[in-house]
Amino acid sequence: MLVKEWIKIQAGAETLTLEFSASFGGHPNLRSRLTPTTSFLFLVNRIALIPSKMASIRANCRKIMCIGRNYADHITELNNTAPKQPFFFLKPASSILLPGSGPVLRPKGVSLHYEVELGLVIGKTLRDLDPNDEKAALDAIQSYILAIDMTARNVQDEAKKKGLPWSIAKGFDTFLPISQQIAKSRIPNPHDAFLRLRVGQTERQADSTSLMLYRIPQQLAQISRVMTLEEGDIVLTGTPKGVGQVKAGDVMRASIEVDGKEIEEGRIDVEVQDREGRYEFKET
Numbered sequence: 001m002l003v004k005e006w007i008k009i010q011a012g013a014e015t016l017t018l019e020f021s022a023s024f025g026g027h028p029n030l031r032s033r034l035t036p037t038t039s040f041l042f043l044v045n046r047i048a049l050i051p052s053k054m055a056s057i058r059a060n061c062r063k064i065m066c067i068g069r070n071y072a073d074h075i076t077e078l079n080n081t082a083p084k085q086p087f088f089f090l091k092p093a094s095s096i097l098l099p100g101s102g103p104v105l106r107p108k109g110v111s112l113h114y115e116v117e118l119g120l121v122i123g124k125t126l127r128d129l130d131p132n133d134e135k136a137a138l139d140a141i142q143s144y145i146l147a148i149d150m151t152a153r154n155v156q157d158e159a160k161k162k163g164l165p166w167s168i169a170k171g172f173d174t175f176l177p178i179s180q181q182i183a184k185s186r187i188p189n190p191h192d193a194f195l196r197l198r199v200g201q202t203e204r205q206a207d208s209t210s211l212m213l214y215r216i217p218q219q220l221a222q223i224s225r226v227m228t229l230e231e232g233d234i235v236l237t238g239t240p241k242g243v244g245q246v247k248a249g250d251v252m253r254a255s256i257e258v259d260g261k262e263i264e265e266g267r268i269d270v271e272v273q274d275r276e277g278r279y280e281f282k283e284t
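The sequence shown runs 1 to 284 under UniProt numbering.
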């Protein structure tokens, strides 16, 4: 019998969610087999310890809003035109890859690109925000995360040529690895943090959030005049220059620094593997 369970356990001060699949005969209630002396489980899949508040991020996220073309050098490297106002698109919540739950899966035929970004976890309802009200914008943020907006670049390029949305290019499962939540106190000024991304030992992205073309109040104002931002929603604030391709076997390491010091809970370490399945991109 193959059974999947999620069990909350206490580890010091932190409540963790244990997600696993187990194979055994008999009664399928895994909880009844866990006792204070349980020390080993024979697993047929993988095991991931996820802080319960991180597991709730995916469960509570109704939408992921992504600000595009928000760093001038990134616009140039992809030969795009600069937007006259904040430009946004959506990713599905099913694309979220929680810490320790890798790998990122590359669909067949896809040129897979990374884009490191500062993310905002929204903590209150926000509608029709004044773009000049920085206090209200920052008060609406519950916490920060670091994120890697994975993109099927050749799928996106074809969609652009045909005037189609980017839903497929941005929306595959595992296409949004995120860090642990970062308390607001750890990033006093979100417009003065430093983002890094390495592939293996090579640094590919390294720039300050001070280079954003549109600051966070303008981003949230533009989104909230179109659709209500709700508690649990995630906003990605754009990626700096240096985006590029990754392949199976590559390991991406993303980090965020404030005043030259890396924020430990803001790290992402995730491998890329090829995805099995029916989807395969072919140019038409």
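Ideal placement from N, C-alpha and C gives every residue a C-beta, glycine not left out.
Compare the Cα-Cα distances from I223 to each of K63, A59 and G163 and report the closest residue.
K63
Taking contact to mean 3 or more Cβ pairs, one atom from each stretch, closer than 8 Å, check whether the segment 155–168 and the segment 181–193 are in contact.
no
Taking Cβ positions only, does I145 come closer than 8 Å to chain B?
Absent from the structure is chain B; it holds one protein chain and no more.
Residues near P107 by beta carbon distance below 8 Å, same chain, minus five either side
A152, F172, R275, G277, Y279, E280 and F281
To the nearest angstrom, how far is it from the Cα of H27 to the Cα of S101?
For H27, the pLDDT reaches just 44, beneath the cut-off of 50, and the residue's location in the model is therefore unreliable, although a value from the coordinates is still provided. Distance between the alpha carbons of H27 and S101: 28 Å.
With a CB to CB cut of under 7 Å and the five nearest residues on each side skipped, what residues in its chain are close to S179?
P99, I145, L146, E265, G266, R267 and I268
Separation of A59 from T38, as counted between CA atoms
For T38, the pLDDT reaches just 41, beneath the cut-off of 50, and the residue's location in the model is therefore unreliable, although a value from the coordinates is still provided. In a straight line, the C-alpha of T38 is about 29 Å away from that of A59.
So S167 is in the beta strand (DSSP E); what residue range does that whole segment cover?
No beta strand (DSSP E) holds S167; the alpha helix (DSSP H) holding it covers S167 to G171.
Check this for me: beta carbons of A93 and C66, under 8 Å apart or not?
no
In three-state DSSP terms, what is T151?
strand
Could you give the uninterrupted runs of the beta strand (DSSP E) lying entirely in the segment 53–95, keeping only those of 3 residues or more?
64–68 and 87–91
Close-in-space but distant-in-sequence residues of the same chain around S143 (CB under 7 Å, 5 per side omitted)
V121, Q181, I182, A183 and K184
Based on Cα-Cα distance, which residue from K84, V116 and G109 lies nearest to V155?
G109
T284 and V116: beta carbons closer than 8 Å?
no
Please report the distance separating the alpha-carbon of V270 from that of S255.
12 Å
Grab me the residues of E158's own chain with a C-beta within less than 7 Å of its C-beta, minus the 5 sequence neighbours each way, in chain order.
E283
Taking L105 as part of the beta strand (DSSP E), name the residues at either end of that continuous run.
V104 to R106
Using the Cα positions of M252 and H113, report the straight-line distance between them to the nearest angstrom.
11 Å
So what's S143 in DSSP terms, helix, strand or just coil?
strand
Confirm, please, whether the CB-CB distance from L236 to D139 is below 8 Å.
no
How long is the line joining the alpha carbons of L195 and G119, rounded to whole angstroms?
11 Å
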